[in-house]
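Colleague: Start counting the sequence shown at 34; every next residue gets the next number (the numbering used here).
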Amino acid sequence: MWYPLCKYVLIGPLLRLLGRPRVEGLEHIPRTGPVIIAANHLAFIDSLYLALVIPRPLTFLAKQEYFTRQGLRGRLQRWFFTAAGQVPVNRTGGDAAADALAAATRIVESGGAWAIHPEGTRSADGRVYRGRTGALRVAMATGAPVVPVVLDGTDRMNPRGRKLLRSTKVRITVQPARRYPAAEHRAQVRAATDQLMREIAAQSGRPYVDRYAATFAVEKRAVEGVRRG
Numbered sequence: 034m035w036y037p038l039c040k041y042v043l044i045g046p047l048l049r050l051l052g053r054p055r056v057e058g059l060e061h062i063p064r065t066g067p068v069i070i071a072a073n074h075l076a077f078i079d080s081l082y083l084a085l086v087i088p089r090p091l092t093f094l095a096k097q098e099y100f101t102r103q104g105l106r107g108r109l110q111r112w113f114f115t116a117a118g119q120v121p122v123n124r125t126g127g128d129a130a131a132d133a134l135a136a137a138t139r140i141v142e143s144g145g146a147w148a149i150h151p152e153g154t155r156s157a158d159g160r161v162y163r164g165r166t167g168a169l170r171v172a173m174a175t176g177a178p179v180v181p182v183v184l185d186g187t188d189r190m191n192p193r194g195r196k197l198l199r200s201t202k203v204r205i206t207v208q209p210a211r212r213y214p215a216a217e218h219r220a221q222v223r224a225a226t227d228q229l230m231r232e233i234a235a236q237s238g239r240p241y242v243d244r245y246a247a248t249f250a251v252e253k254r255a256v257e258g259v260r261r262g
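(1) Is there contact here, the segment 77-91 with the segment 128-137, by at least three beta-carbon pairs under 8 Å?
(2) Cα separation between Arg-53 and Leu-198?
(3) Threshold first: 4 residues or longer. Then list the alpha helix (DSSP H) segments lying entirely within the segment 165-207, N to C.
(4) Mind listing, in chain order, the continuous beta strand (DSSP E) runs of no fewer than 3 residues lying wholly within the segment 48-74?
(5) Does the segment 190-209 come within contact of the segment 46-63, defined as at least 3 CB pairs closer than 8 Å?
(6) Touching or not, the segment 38-54 and the segment 153-171, by the rule of three or more beta carbon pairs under 8 Å?
(7) Within a Cβ cutoff of 6 Å, which residues of the same chain sit near Arg-204, ignoring the five residues on either side of it in sequence?
(8) Between the C-alpha atoms of Arg-108 and Arg-139, what's the straight-line distance to the nearest angstrom?
(9) From Glu-98, Asp-243, Glu-217, Tyr-82, pick the residue whose C-alpha is nearest to that of Ala-174; which is it?
(10) Once DSSP output is grouped into helix, strand and coil, what is the label at Gln-103?
(11) Whole angstroms is fine: what's the gap from Lys-40's alpha carbon to Val-180's?
(12) Any idea which residues DSSP pairs Trp-147 with across the strands?
(13) I need the DSSP call for Arg-211, collapsed to helix, strand or coil.
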């Protein structure tokens, strides 16, 4: 109920007005059946634009903390993430990765569309970073196709550190689906993930960085702290 209401009434019209999204390649997304949407990650609103332009309902995985905070703000946040198609996952502790993969596998095996940003966190400088292997692991285990998606312009609309959205042009490019055979070794999953992210980077026209975005962000903050000191 809430997903279409947010998409077509509460949030979607504002996103269309601010971003005037231009979308290419929607024909590459299967109309039915399991699929994994893998997109680069530039801004907090990336998932909202994916949900806006892709005709199928998408399911994302989100930190459980978003659904358990107390008070009015916590209730609003819980409503928002639920309405946006997000599923809570415990991402702390030793079984966090296994729990997330199990949740994603359930989504795909039920015939749903699972959307993920393989980089794991937003790019701090607009470049495309090394992907986590979860998307490809689920794809290889279930046989679900992976559809790469390139987002552009969301970082200008929603820059880090700014709460208000800017009006700018958002472009979303959907690439042909890929299928991946089951892998016998972790190195094969790693290599396939690296190739996927390089393809996304090439399509986006942004440089590819063979490092995790989270690692780069931590190092960047440390350097900025030294400079201020």
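All C-beta atoms, glycine included, are put in the ideal place defined by N, C-alpha and C.
Modeller: In short, the structure shows the following:
(1) Pairwise C-beta distances place the segment 77-91 out of contact with the segment 128-137, as fewer than three of them are shorter than 8 Å.
(2) Within the model, the alpha-carbon separation for Arg-53 versus Leu-198 is close to 13 Å.
(3) Within the segment 165-207, the complete alpha helix (DSSP H) runs of at least 4 residues fall at 167-175, 187-190.
(4) Runs of the beta strand (DSSP E) inside the segment 48-74: 55-57, 68-72.
(5) Verdict: yes, contact present.
(6) No: fewer than three Cβ pairs fall under 8 Å.
(7) A distance below 6 Å between beta-carbons, with the five flanking residues on each side excluded, links Arg-204 to the following residues of its chain, in chain order: Arg-55, Asp-185, Gly-186.
(8) Taking the straight line joining both Cα atoms gives about 26 Å.
(9) When only C-alpha atoms are compared, the closest one is Glu-217.
(10) Reduced to three states, the DSSP call for Gln-103 is coil.
(11) Straight-line spacing of the CA atoms in Lys-40 and Val-180 works out to 21 Å.
(12) Paired residues: Ile-69, Thr-92.
(13) DSSP places Arg-211 in strand when its eight states are reduced to three.
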